[in-house]
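Read left to right, the sequence shown gives residues 1 to 539 (the numbering used here).
For reference, the structure is listed below as structure tokens.
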Amino acid sequence: MNKTYPVTANEPVLNYAPGSPERESLRNELAAQKNVCREIPAVVNGERVFGGTATAVRAPHEHDRVLANLYHADQKTVQAAVDGALAAQREWSSWSLQERSAVFLKAADLLAGPWRARLNAATMLGQSKTAYQAEIDSACELIDFLRFNVQFAHEIAQMQPQNSAGVRNRSEYRPLEGFVYAVTPFNFTAIGGNLAIAPALMGNSVLWKPAATAALSNYMFMELLEAAGLPKGVINFVPGDAIEISNIALSHPELAGVHFTGSTAVFDTMWSEVGRNVARYRSYPRLVGETGGKDFVLAHPSADAEALAVGLLRGAFEYQGQKCSAASRAYIPASLWPVVKARLVAMVDTIKMGDVCDFSNFMGAVIDRRAFDRIRGYIYRAREDANADVLVGGKCEDRTGYFIEPTVIEVKDPRHALMQNEIFGPVLSVYVYQDAEWDEVLKLVDGTSPYALTGAVFATERAAILQAQQALRFAAGNFYINDKPTGAVVGQQPFGGARRSGTNDKAGSALNLLRWVSPRTVKETSAPPTDYAYPYMGQ
């Protein structure tokens with residue numbers, strides 16, 4: 001089948017093995033960046049604005065090291081960014097899809113080539129990701145978003161209505177009227193980039209409010225977009241106080257949409273604010289949000305114990321458990337638990353944690369002091385709880401960096417706070433159930449948490465897999481069979497959840513891009529009628 005749009009494939013993941021050229025390149029870039037303190041301004045209409053207060057961006061694994069000074073946008077700067085976005089959209093939206101696509105395809109090529117080590121190093125230093133975690137995030141996933149979004153946008157453009165005799169119909173996929181407010185998280189450079197570029201590709205202009213703790217990599221990606229030819233004002237980079245920026249953005253009559261990833265509580269507040277302001281908007285804003293998760297791993301008695309143990313470890317502790325998809329509650333049958341427990345504890349004991357510039361480390365630090373204190377509080381309370389048993393890990397050290405050991409806690413109560421609350425750190429809670437309680441456990445998994453982002457089932461019996469798929473149909477937007485509940489790949493596993501986990505608009509698919517267009521249907525009649533009477537009226 002011939003296609004008139006570009007067909008892409010996922011960016012290959014480099015392995016950074018000893019002696020590889022990518023390893024040497026990344027090491028050199030890390031050495032260069034860690035000894036330079038950058039100045040990160042707001043970017044409004046292509047101009048750098050250094051006004052407002054400045055805060056230090058620190059390396060989480062070495063919190064005395066200041067990587068950058070981040071200048072907060074004041075109210076005047078935010079208003080200028082909104083005005084600039086509205087002005088820029090008039091020309092940007094007149095560009096053809098092919099012309100807009102060229103900018104993002106060039107950005108993908110730059111990131112796959114000369115910018116790869118640069119952005120990966122910034123992600124490692126600023127967000128404490130290992131080389132592998134940075135590679136799959138700030139290189140591969142972000143490249144995939146840039147390229148697959150273009151493919152999806154062209155597929156959408158080809159979705160056209162039928163014609164009839166003497167009538168030609170077409171669908172025009174217009175951008176929204178106004179600007180899109182993108183509020184992005186610290187944990188994935190790729191998410192930060194995609195929340196800004198997805199609406200922009202469809203002809204919208206964007207006000208991008210990055211997380212301060214991800215500002216180094218996010219600003220570098222902004223520079224990459226400029227190098228790829230993105231016109232001034234299409235994406236305005238506005239770091240600063242979230243409440244002050246949101247007060248301006250969410251009350252503006254030209255707000256066209258919100259693209260958000262972050263906590264459920266913050267999204268609730270933004271949704272409520274939009275509701276209060278709804279009468280003043282030109283159009284009903286599109287609200288797209290991916291929020292919290294309390295992601296489960298459910299094992300059937302037929303599960304492969306070795307695969308289950310590895311899935312638990314990787315799912316719970318890669319990137320310090322700071323993935324919204326991370327495994328944080330597990331349900332293990334009593335018949336498997338002794339083997340799984342022994343294997344899991346033994347593997348966790350071998351995990352190395354420390355400075356991500358040491359490539360032998362599996363884990364880095366949690367993102368900041370606030371996260372460290374929150375996660376440590378859960379662990380310390382568990383130590384004093386008769387219904388919880390800390391099996392391995394639990395040490396918390398903040399002298400040089402915000403380090404929390406990978407921690408496994410067995411709980412006696414399946415509705416313990418550790419099984420319900422989002423912790424967003426390297427803590428895995430395990431409930432052991434009797435094998436005969438499989439049917440009851442399915443109901444328990446579905447009803448315990450308010451979230452429904454990701455989940456996994458491990459089983460070798462096909463009937464059990466089918467039963468779990470049906471019983472947990474609404475418990476996870478991304479459901480994994482015999483695999484960890486993390487690691488969604490653009491174009492392969494579109495990502496998003498429902499319930500209190502968000503609007504499930506599936507980043508990494510055409511479904512997300514459809515939220516950033518306002519289609520117009522055009523009907524053209526070749527020979528319009530010249531008499532109002534219909535044939536049935538004849539005598």
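Where a beta carbon is used, it is the ideal one built from N, C-alpha and C, also for glycine.
Proximal residues to Phe-267 (C-beta, below 8 Å), its chain only, five neighbours per side dropped: Counted from its first residue, the sequence shown places residue 267 at position 267. These residues qualify, in order along the chain: Phe-260, Gly-289, Thr-291 and Gly-502.
Below 8 Å on the Cβ atoms is my guess for Ala-59 versus Leu-125; work out the distance and round it to an integer in Å. The residue given as residue 59 occupies position 59 in the sequence shown. The residue given as residue 125 occupies position 125 in the sequence shown. About 5 Å; that satisfies the 8 Å criterion.
When DSSP labels each residue in this structure, what does Ala-463 get in the three-state scheme? Locating residue 463 in the sequence shown gives position 463, counting from the first residue. Of the three classes helix, strand and coil, the one that applies to Ala-463 here is helix, per DSSP.
Closest by C-alpha distance to Met-419, when choosing among Tyr-536, Gly-394, Ala-382 and Gly-401: Position 419 of the sequence shown, counted from the start, is the residue given in the question as residue 419. With distances taken between Cα atoms, Met-419 lies closest to Ala-382.
Can you tell me the Cα-Cα spacing of Lys-129 and Ala-342, whole angstroms? As a working mapping, residue 129 is identified with position 129 in the sequence shown. As a working mapping, residue 342 is identified with position 342 in the sequence shown. Distance between the alpha carbons of Lys-129 and Ala-342: 28 Å.
Three-state class that DSSP yields for Phe-221 in the structure shown: Here residue 221 is taken as the residue at index 221 of the sequence shown, counted from 1. Phe-221 sits in a helix when the DSSP states are folded into three classes.
Could you pull the DSSP bridge partners for Phe-260 from this structure? Walking along the sequence shown from the start, residue 260 turns up at place 260. Answer is Val-183 and Gly-289, bridged to Phe-260.
Backbone CA spacing between Ile-136 and Val-57 [nearest angstrom]: Translated into positions along the sequence shown, residue 136 becomes position 136. Translated into positions along the sequence shown, residue 57 becomes position 57. Each residue's alpha carbon lies about 23 Å from the other.
For a test of the three-state rule: what should DSSP assign to Asn-2, helix, strand or coil? Locating residue 2 in the sequence shown gives position 2, counting from the first residue. Here Asn-2 scores only 46 on pLDDT, less than 50, and its place in the model should not be relied on; the value that follows carries that caveat. Here Asn-2 sits in coil by DSSP.
Once DSSP output is grouped into helix, strand and coil, what is the label at Asn-10? Here residue 10 is taken as the residue at index 10 of the sequence shown, counted from 1. Residue state, collapsed to three classes: coil.
Is there contact here, the stretch 401-416 with the stretch 386-393, by at least three beta-carbon pairs under 8 Å? Contact holds: three or more Cβ-Cβ distances are below 8 Å.
Going by C-alpha distance, which of Arg-23, Pro-6 and Gly-229 is nearest Leu-14? For the purposes of this step, residue 14 is taken as residue 14 along the sequence shown, with counting starting at 1. The candidate whose alpha carbon is nearest that of Leu-14 is Arg-23.
Among Pro-528, Thr-189 and Gly-487, which one has its Cα closest to the Cα of Ala-214? Counted from its first residue, the sequence shown places residue 214 at position 214. Among Pro-528, Thr-189 and Gly-487, the Cα nearest to that of Ala-214 belongs to Thr-189.
Strand pairing of Phe-479, partner residues [DSSP]: Numbered from its first residue, the sequence shown carries residue 479 at position 479. Gly-455.
Is Val-49 helix, strand or coil when you go by DSSP? Looking up residue 49 in the sequence shown gives position 49. In the structure shown, Val-49 sits in a strand (DSSP, three-state: E or B).
Determine the DSSP secondary structure at Lys-341, reduced to helix, strand or coil. Residue numbering aside, residue 341 sits at position 341 when the sequence shown is read from its first letter. In the structure shown, the three-state DSSP call for Lys-341 is helix.
Whose C-beta lies closer than 6 Å to the C-beta of Phe-359 among residues of the same chain, with five residues either side of it excluded? Indexing the sequence shown from 1 puts residue 359 at position 359. These residues qualify, in order along the chain: Ala-131.
Quick check on Ile-404: does DSSP put it in helix, strand or coil? If you number the sequence shown from 1, residue 404 lands on position 404. Reduced to three states, the DSSP call for Ile-404 is strand.
In terms of DSSP beta bridges, what is Asp-295 paired with? The residue you call residue 295 lines up with position 295 of the sequence shown. Beta bridge pairing from DSSP links Asp-295 with Ala-327.
Cβ-based neighbour list, Lys-484, same chain, cut-off 7 Å, excluding 5 preceding and 5 following: As a working mapping, residue 484 is identified with position 484 in the sequence shown. If the five residues before and after Lys-484 are omitted, its C-beta is found closer than 7 Å to the C-beta atoms of Gly-311, Arg-314, Gly-315, Ala-327 and Ala-456, all from its own chain and listed in chain order.
Would the beta-carbon of Ala-68 fall within 7 Å of that of Leu-216? Locating residue 68 in the sequence shown gives position 68, counting from the first residue. Locating residue 216 in the sequence shown gives position 216, counting from the first residue. Result yes, Cβ atoms of Ala-68 and Leu-216 sit closer than 7 Å.
With DSSP collapsed to three states, give me the class of Trp-438. In the sequence shown, the residue the question calls residue 438 occupies position 438. Residue state, collapsed to three classes: helix.
Residues that DSSP places opposite Leu-428 in a beta bridge: Translated into the one-based positions of the sequence shown, residue 428 becomes position 428. According to DSSP, which records beta bridges pairwise, Leu-428 is partnered with Val-408.
Excluding the five sequence neighbours on either side, which residues of its own chain have a C-beta within less than 6 Å of the C-beta of Leu-146, listed in chain order? Working through the sequence shown from its first residue, we reach residue 146 at position 146. The residues are Phe-104, Ala-107 and Ala-108.
Sort Val-430, Leu-176, Leu-298 and Phe-317 by Cα distance to Lys-352 and report the nearest one. For the purposes of this step, residue 352 is taken as the residue at position 352 of the sequence shown. Ranking Val-430, Leu-176, Leu-298 and Phe-317 by Cα distance to Lys-352 puts Phe-317 first.
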